[in-house]
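Novice: One line per chain: the protein sequences are C and V, in this order. My numbering puts the first residue of the first sequence at -18, with every later residue one more than the last. My numbering puts the first residue of the second sequence at -19, with every later residue one more than the last. Yeah, the Cβ is synthetic: ideal placement off N, Cα and C, and Gly gets one too. Mind having a look at this structure? Questions to follow.
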Amino acid sequence: MQNIKRIFNVFLKKEVLNLSKTEVMTDLEPKTEVQEITSDKESLDFVYEFYVRMKRNKIHLAYEGEITHQITKAFTSLTENNMAKEEDYASVQKKVFHVMVECLQNISKHAENRHHIVTSKDGRGIFMISKGESEYNVTTGNTIPNDKVEELQKMLENINSLDKEGLNKLYKQQMKEGRLSDRGGAGLGFIDIARKTGEKLIFCFLPVDETKSFFVLTSTIPRVKE
Amino acid sequence: MPQAIKIKGTDDTPMVILNTEGEGTFEISGRSLPEDVAAFYDPILEWLDAYAENPNKKTIFNFKLEYFNTASSKLLLDVLLKLEEMHDNGHDVLVRWHYPDDDEDMEEAGEEYADIVEVPFEQVSYTVG
């Protein structure tokens, strides 16, 4: 449960959570216009609150839906352009790009999606990227079958238990011995995210029903060059 | 000799030149994050199998990658393993791994491959821009 809190805090910082709606509303322009044009106030409030929260938490991009190769390319190029404008270190930009590609391809290759499995190889899920003072956060969420949870959890815990040298060793071993899955996954993505970011993976599994769980993963990329 | 392969690079697939003419040109460069890695790299691996039967006197294979995803890293290893096999069979093979001088990750990737495959391996840094 600790991880859920950590993920939650990354995006919905405590102070935001504690703010009452009015406090949020007083904070941003142009609140009067928003209230004046209210025809369906509840839905506008939602849009506004969503906007405020995205702004506050510096969420650059939030998406829910099918994750395809085209989406992966579009999101990575959008983020690349944004980062180039904001003059981050080239090495940080490359790492963010890399983490995005791996996370998005993980979903498009592995996500459980019974309805589309016959017609398409793509998965569904959520994707978010935020920029804090000292780091970028890339979060993905997708449903996975319950019988895959234990295996995935063990794999991620193992990755988090290793230092850089251990991760390099595991990567090499997996690259040599691992086989490409039917969908073209090499089982290397998580290991590589951990070693390239130098940060632990933050993850949790939320039970959905007796067959599925929602898998949430946040990767942190430090913005400060070491 | 297999017919030359010349593939133009795109924003998600690398430029590939495999040409035996003259001293030969063997190069994979640019970005590699194809939708289907196996479909992209299989023809390259097949080409190398055919080439290995009667290769040039010397084969200098250049990797000049800007970016590759983890699925591609596995296929790049397969390419390098073909080159290792040629080297094992007594052929003259040299791998040149080019990396931007400000890209530690790409430099480390080269070191990692050099560790795994037993083939003469040169790291070459270049300046971007």
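#1: Is the distance from the Cβ of L60/V to the Cβ of V73/V below 8 Å?
#2: Just list the residues that DSSP pairs M109/C with in beta bridges.
#3: How about S9/V: is its C-beta nearer than 8 Å to some C-beta of chain C?
#4: Give the range of the alpha helix (DSSP H) segment to which P(-18)/V is assigned.
#5: Give me, in chain order, the residues of the same chain whose beta-carbon lies closer than 7 Å to that of W27/V; leave out the 5 immediate sequence neighbours on both sides.
#6: Out of A89/V, A94/V, D58/V and V108/V, state which residue places its alpha-carbon closest to the alpha-carbon of P23/V.
#7: If you draw a straight line from the alpha carbon of C185/C to that of L198/C, how long is it in whole angstroms?
#8: Could you pull out every residue in the same chain whose Cβ sits closer than 8 Å to the Cβ of L169/C, ignoring the five residues on either side in sequence?
#9: Quick one: what does DSSP say P126/C is sitting in, helix, strand or coil?
#10: Considering only their Cβ atoms, is the gap separating H41/C from K177/C smaller than 8 Å?
#11: So, is the C-beta of K145/C closer than 8 Å to a C-beta in chain V?
#12: Is it true that the CB of C84/C sits closer than 8 Å to the CB of S194/C?
#13: Can you tell me the Cα-Cα spacing of V119/C and A32/V, whole angstroms?
#14: Output, in chain order, the set of chain V residues within a Cβ distance shorter than 8 Å of S72/C.
#15: Would you be able to state if there are at least three C-beta pairs under 8 Å between the segment 76 to 86 of chain V and the segment 98 to 105 of chain V?
#16: Could you tell me which residues DSSP pairs with R76/V in its beta bridges?
#17: Excluding the five sequence neighbours on either side, which residues of its own chain have a C-beta within less than 7 Å of the C-beta of S115/C, listed in chain order?
#18: Looking at the structure shown, is K37/V part of a helix, part of a strand, or coil, going by DSSP?
#19: Quick check: what's the CA-CA separation for T192/C versus K129/C?
Specialist: To lay it out plainly:
#1: no
#2: A43/C and T120/C
#3: no
#4: Element bounds for P(-18)/V: n/a, residue is neither H nor E.
#5: P(-18), I(-15) and L(-2)
#6: D58/V
#7: 7 Å
#8: Y152, Q155, M156 and G159
#9: strand
#10: no
#11: no
#12: no
#13: 43 Å
#14: D82, D83, E84 and D85
#15: yes
#16: N42/V and E102/V
#17: P203, R204 and V205
#18: coil
#19: 10 Å
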